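Asks: Numbering (UniProt numbering), first residue to last: 1 to 398.
Glycine is no exception: its CB is placed at the ideal position from the N, C-alpha and C atoms.
Values in this document were obtained by computation on a predicted structure and should not be read as measured data.
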Amino acid sequence: MDALRLVAALAVVLFHFTARDHVRWGSDRLPHDVFGAFSGVTVYGYAGVHLFFVVSGFVILMSVWGRSVPQFLASRVSRLYPAYWVAVLLTATLRWWWPTFGTVPAGAVAVNLTMTQDAFHVERVDGVYWTLWVELQFYLLMLGFLLWGITARRVLAVAAIAPPAMVALSFLAPRAEAAVGLLGWAPLFAAGMVLFVIHREGSSLARWAVVVGNALLAAVASGLRTVGAIDAVASGGHVVPVVLGAVAVAVVGLVAAVALVPTLRDLDWAILTALGALTYPLYLIHEYVGWAIIETTHEALGRWLTLAVAVGGCLGLAWLLHRFVEEPVHRPMRRWLQTRFERVGELLRAAVRRPGAVAADARGTRGTGRAPGRTSGAPDRLPSPPRAPEPVPDRTRG
């Protein structure tokens, strides 16, 4: 999956640098004016998000299966937040300092540090953070799944029933979709989850039917809604709904191939693992950092060399984030959080048991005349004092 995550991240990077509307290539030129037909291809790089979500469905279910709630929470928090905090502060500082980016209020930056800015309708420090809110909602769903108990049958049932209902709700109730961004993207996560079940438990007609059904549902949702979202920010040419739908199906097929075809599944190249580790920090920091590089170098270097420098510079910064933030922080933070979450769990279980114990004690005393709290062997009243023994007659007399 490392290679797929890298492909997804680079697709999004190219979309933002060469297709999405911005003036970093010159005040009078948009990216499609600079790159022409190339922009017509990279505009579909938006579908890197689709690939991210399918991979997340696969990987997160794999990471949660057989784990406890404290393990899952500690793993996700320690994985997501350290690099994210640095990226938020770095991007906010860059926006305050760079004259053409526009500043972000300090209060908005503080809310962004929680990753819940979309829930409170607060400005994002970086527009790409919208996908993180969708991911958080998926994690909450997986937490509920973990509490319920994860089985292959339950995964299949949820993946078959929930996505059609969620997509329908996203169309019928736009306000609900705005609040719960996961609704419209549910088929992609569900497809990834069932692919993991196939990877773990083996294939069946029912499992493949759910995968294909979710892939087709994602294609329909992309053609009806995502096309408009792309056209709103990339004016170089209208995205063809059928093509974007086909790309949505293709990314599901790509994950299936990498997960299930032995030749691809068993690839264990160190370079892929190393590059895959850069995916998350690259996604977090690429937009404004890349735009700053483009703005300062495009006149001297030309479009292609500038693009290479921008992508390379973002990869270099992503490596620094991974090497000096993620690597040293992740494991100690995960261990520390897991211990705390386990302690909280113990306290909650004790709090739940305590009222239950009192209630059970009260039920056990009904009809006995004993006050609640008295042990079962305790007498209800003090016993009468023992009687003195009867005198033994003296048979020696008389």
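(1) Decide if P174 is buried, meaning its Cβ has at least 16 other Cβ atoms within 10 Å, or exposed.
(2) Is it buried or exposed for V23, if we count other Cβ within 10 angstroms and need 16 for buried?
(3) Kindly confirm or deny that the stretch 89-96 and the stretch 337-347 touch, where touching means at least three C-beta pairs closer than 8 Å.
(4) Which of helix, strand or coil does DSSP assign to F101?
(5) Going along the chain, which residues of its own chain have a beta-carbon closer than 6 Å to the beta-carbon of F101, five neighbours each way excluded?
(6) So, for G57: in the same chain, excluding its five sequence neighbours on each side, which residues have a beta-carbon less than 6 Å away from its beta-carbon?
(7) Identify which residue in R354, A110, L205, A11 has its Cα closest to the Cα of V49.
(8) Whose CA, out of R335, I294, L172, C314, lies closest to the CA of R29?
(9) So the candidates are G213, L347, A310; which of them puts its Cα closest to the Cα of T18?
(10) Could you give the distance in angstroms between the alpha-carbon of L321 and the alpha-carbon of L307?
(11) Closest to I230 by CA distance: which of F35, G26, S39, L4 is it?
(12) Which residues in the same chain as V180 place their Cβ atom closer than 7 Å to its Cβ, once the five residues preceding and following it in sequence are excluded?
(13) Pick from G237, A218, V261, T263: whose alpha carbon is nearest that of A250?
(14) Give the straight-line distance between the Cα atoms of L272 and L348, rounded to the nearest whole angstrom.
(15) Quick check: A234 and F35, are their CB atoms within less than 9 Å of each other?
(16) Just to confirm my understanding: we take P187, look at its own chain, exclude 5 residues before and 5 after, and list those with CB closer than 6 Å. What are they?
(17) So, with DSSP's three-state summary, where would you put R387?
(18) Between the alpha carbons of V59 and V220, how many angstroms are there, rounded?
(19) What is the DSSP secondary structure of H238, reduced to helix, strand or coil?
(20) For a quick check, are the C-beta atoms of P31 and G236 less than 9 Å apart?
(21) With a threshold of 16 other CB atoms inside 10 Å of the CB of D126, please say whether the residue is buried or exposed.
(22) Using the C-alpha atoms, what's the distance from W25 back to W291?
(23) Please classify P379 as buried or exposed, where buried requires at least 16 neighbouring CB atoms within 10 angstroms.
(24) By Cβ distance below 7 Å, which residues in the same chain neighbour V255 in space, the five residues on each side in sequence not counted?
Replies: To lay it out plainly:
(1) exposed
(2) exposed
(3) no
(4) coil
(5) R95
(6) F189, G192, M193
(7) A11
(8) I294
(9) A310
(10) 21 Å
(11) S39
(12) Q137
(13) A218
(14) 42 Å
(15) no
(16) P163, N214, L217, A218
(17) Because R387 carries a pLDDT of 49, less than 50, the predicted location of this residue cannot be relied on, and no value is offered for it.
(18) 24 Å
(19) coil
(20) yes
(21) buried
(22) 9 Å
(23) The pLDDT assigned to P379 is 45, lower than 50, so where the model puts this residue is not dependable; a value taken from the coordinates is nonetheless given after this. Under this definition P379 is an exposed residue.
(24) L4, V54, V55, F58, G192, L195
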